[in-house]
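For reference, the structure discussed in these notes is given below.
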Amino acid sequence: MALPTYTNDNEIIAAAINDVITCELTTTNSCGSRVTVVSNSVTIQPNPGYDRYPEVTIAATQETICTGTAVTFTATNVSQSVVLSYQWLVNGSPVGTNSTVFTTNTLTDGAKVECIMFVPHCHNAGAGSTKDNSDPIIMKVHPQLNPKVSITPVAAAICKGIPLTFTAKAENAGTNPTYQWKVNDMPVGTNSHTFTSTTFNHDDRVTCEVTIDPAVSACTNGTGAVSNSVTLSVSDAFTPSIVVSASQQEICQGTTVTFTAVGTDTGLRPTYQWQVNGVNVGTNNTEFTTDNISDGDKISCILTPVSSCGSVATSDAVTMIVHPNPDVRFATPSVVIEPGTPFQLTPIVQGTIANHQWTPSSMLTNPGSLTPTTLPLTIITTFTLWVQTAAGCVDTASFTVNAYNKLYMPNSFTPNGDGKNDVFRIPSGAPIVLKEFSVYDRWGGLVFHTTDKNKGWDGKQKGTNATAGTYIFIVRAEDINGELLLKGTVQLIR
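The number in our numbering is simply the position in the sequence shown, starting from 1, with 1 added.
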């Protein structure tokens, strides 16, 4: 008998994973009876590699590192899917190659590393996904730290025996670093960030070594650091002194006096401050010169060393003795008198006068008097009175007596070359300041002009002898009485 066959008549049977499929066959046997048989069962199984949900995980050799440390990340196909490719990401950006391993040394703190695993489509679209993203790894990246230490003294130049403190400033060495101070490379002090000593010597060299705190980050380079070196200038203490002297201690009012300061054990380049009665004066100098001193003024000087190892020194004061000057003057500077008459000089004198002297004394009838009388005067004469007190203080004053002759011009002259009365001129010695001396002919023509009172008209007009006759002259000048204008005529005789 032919075996029956089975078709599904193109019917699609939807089966799910773990479904059990069987088949029942019903037929009619030779006896005419219907018989049903059941086939073996088939359980639907997923296709290995295609029908599982993809799943990938990643792991790092280190998740906490120092800057620049290389880290390897490894991807694990947990689902054992048939893998097409891998894509690594750092902070969402593609990196690396299509590999289960990714290595880098450029990570920064907080970097997010993950991997995407891509798998083929499954035969059944509802059985899985085409990719899977791993859980990210967030990196902790510590910077590489270089431990440093620097030291600072309160002062690099000190006095011997004076306490000096150094302070160390450590960086990148942790909370509790260890300090080792050294002087000239020999260990000193205690484990402290400060070091104080009173035994420093000149040119001592101070350093400090710091060892990092063991609990500090593993990213620290090295175990410690050495500070800068400070070389000290140490001076012995000294006590300067200063003495002031004056070029004159007893003077007359207005006399210029120079004060000189001499210091002992002063050190290099000290400063000097002069004082008058406790008030600062002068400049930073060993000398002080002034003519403004009053009786009883006290002049002293303060010396201040540049080095703090020396104390400030103040001199004893020089107390000045200042005598007042006499005062001599005249009520007016001059007088005008008729020629040939005497005149009494009456100066105003203040102060106790011990000596006096008039010049020129030969022009006085009684030069020993403070109010002498002059001889009869015919010329301008200036008298000077010199007076002196018992302390040697002096003063002078001058007074001019003008024996004034009015200006008179000659009324004729004879320019004939005999050396007598050949020139028409202003008389010699006339007490004037000439502004104009001009001569005109009778028609008003200018024949001579000058402003030099020592020059005169030689009787020529334009280089030839002028015609004898009457000519007009004008003199403009200043004399002791002020403006002078003199007009007249002169007779030219040949």
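A virtual CB, placed ideally from N, CA and C, is assigned to each residue, including glycine.
- With respect to the beta strand (DSSP E) encompassing K421, which residues constitute its N-terminal and C-terminal limits? Taking the first residue of the sequence shown as 1, we reach residue 421 at position 420. Neither: K421 is in no beta strand (DSSP E) and is coded neither H nor E.
- Query: Is T166 near R206, with beta carbons less than 8 Å apart?
  - Reply: On the sequence shown, position 165 is the one that residue 166 refers to. On the sequence shown, position 205 is the one that residue 206 refers to. Against a cut-off of 8 Å, the Cβ pair of R206 and T166 comes out as no contact.
- What do you get for N222, buried or exposed, if any count of 16 or more other CB atoms within 10 angstroms of its CB means buried? Numbered from 1 along the sequence shown, position 221 holds the residue referred to as residue 222. Exposed: under 16 other Cβ atoms inside 10 Å.
- Message: According to DSSP, is M118 part of a helix, a strand, or is it coil?
- Response: Translated into the one-based positions of the sequence shown, residue 118 becomes position 117. Here M118 sits in strand by DSSP.
- Leaving aside the five residues before and after N185 along the sequence, list all residues of the same chain whose C-beta is less than 8 Å from its C-beta, in chain order. For the purposes of this step, residue 185 is taken as the residue at position 184 of the sequence shown. Around N185: D205 and R206.
- Please classify S246: does DSSP put it in a helix, a strand, or coil? Here the question's residue 246 lines up with position 245 in the sequence shown. Here S246 sits in strand by DSSP.
- Query: When DSSP builds the beta bridges, which residues end up paired with L103?
  - Reply: Within the sequence shown, the letter at position 102 stands for residue 103. The residue asked about is misnamed: residue 103 is Phe in this sequence, not Leu. Note: F103 sits in a beta bridge opposite F74.
- Per DSSP, which one or two residues make a beta bridge with P154? Position 153 of the sequence shown, counted from the start, is the residue given in the question as residue 154. DSSP output for P154 lists F167 as bridge partner(s).
- Task: Check whether the Cβ atoms of A431 and L447 lie closer than 8 Å to each other.
- Result: Taking the sequence shown and counting its residues from 1, the one referred to as residue 431 is at position 430. Taking the sequence shown and counting its residues from 1, the one referred to as residue 447 is at position 446. It is not a contact, given that the beta carbons lie outside the stated cut-off.
- C-beta atoms of C253 and N202 nearer than 8 Å: If you number the sequence shown from 1, residue 253 lands on position 252. If you number the sequence shown from 1, residue 202 lands on position 201. Going by C-beta atoms, C253 is not nearer than 8 Å to N202.
- Message: Check this for me: beta carbons of D459 and P416, under 8 Å apart or not?
- Response: Position 458 of the sequence shown, counting from 1, holds the residue named residue 459. Position 415 of the sequence shown, counting from 1, holds the residue named residue 416. In contact: D459 and P416 (Cβ atoms closer than 8 Å).
- Query: What first and last residue would you give for the beta strand (DSSP E) that runs through K132?
  - Reply: To locate residue 132, count along the sequence shown from 1; it is residue 131. Segment K132 to N134, the beta strand (DSSP E) holding K132.
- Item | Exposure of S301, with buried meaning 16 or more beta-carbon neighbours within 10 Å | Numbered from 1 along the sequence shown, position 300 holds the residue referred to as residue 301. Burial call: buried.
- Beta-carbon proximity check, C67 vs A219, cutoff 8 Å: Counting from 1 along the sequence shown, the entry for residue 67 is found at position 66. Counting from 1 along the sequence shown, the entry for residue 219 is found at position 218. Their beta carbons are under 8 Å apart, which means C67 touches A219 by this criterion.
- Query: Which residues in the same chain have their Cβ closer than 6 Å to the Cβ of T383, if we skip the five residues on either side of it in sequence?
  - Reply: For this step, residue 383 is matched to residue 382 along the sequence shown. Answer for T383: S399 and T401, listed in chain order.
- Put V21 into one of helix, strand or coil per three-state DSSP. On the sequence shown, position 20 is the one that residue 21 refers to. In this structure, V21 counts as strand in the three-state DSSP scheme.
- Task: With S301 as the anchor, note down where its beta strand (DSSP E) starts and where it stops.
- Result: Position 300 of the sequence shown, counted from the first residue, corresponds to residue 301. Taken as a continuous stretch (DSSP letters only), the beta strand (DSSP E) holding S301 covers K299 to T305.
- Pair within 8 Å by beta-carbon distance, P178 and D214: The residue labelled residue 178 in the question sits at position 177 within the sequence shown. The residue labelled residue 214 in the question sits at position 213 within the sequence shown. Cβ distance < 8 Å, so P178 and D214 count as in contact.
- How is the beta strand (DSSP E) around F260 delimited, first residue to last? Walking along the sequence shown from the start, residue 260 turns up at place 259. Here the beta strand (DSSP E) through F260 covers V258 to T265.
- Please determine if the segment 305 to 324 and the segment 281 to 292 are in contact, where contact requires at least 3 C-beta pairs separated by less than 8 Å. no
- Message: Taking only three categories from DSSP, how would you classify S309?
- Response: Walking along the sequence shown from the start, residue 309 turns up at place 308. Three-state result, S309: coil.
- Item | For M140, the first and last residue of its enclosing beta strand (DSSP E) | The count along the sequence shown starts at 1 and reaches residue 140 at position 139. Element bounds for M140: n/a, residue is neither H nor E.
- Message: Here's the rule: buried if 16 or more other CB atoms are within 10 angstroms of the residue's CB, otherwise exposed. What is T490?
- Response: Taking the sequence shown and counting its residues from 1, one reaches residue 490 at position 489. Burial call: exposed.
- Message: So, for T153: in the same chain, excluding its five sequence neighbours on each side, which residues have a beta-carbon less than 6 Å away from its beta-carbon?
- Response: To locate residue 153, count along the sequence shown from 1; it is residue 152. Closer than 6 Å at Cβ, skipping near neighbours: T168.
- Message: Quick check for students: name the residue ranges of the beta strand (DSSP E) that lie wholly in the segment 319 to 353, counting only runs of 3 or more.
- Response: 322 to 324, 328 to 330, 335 to 338 and 349 to 351
- Simplified DSSP assignment, three categories, for T490: Along the sequence shown, one-based indexing puts residue 490 at 489. Residue state, collapsed to three classes: strand.
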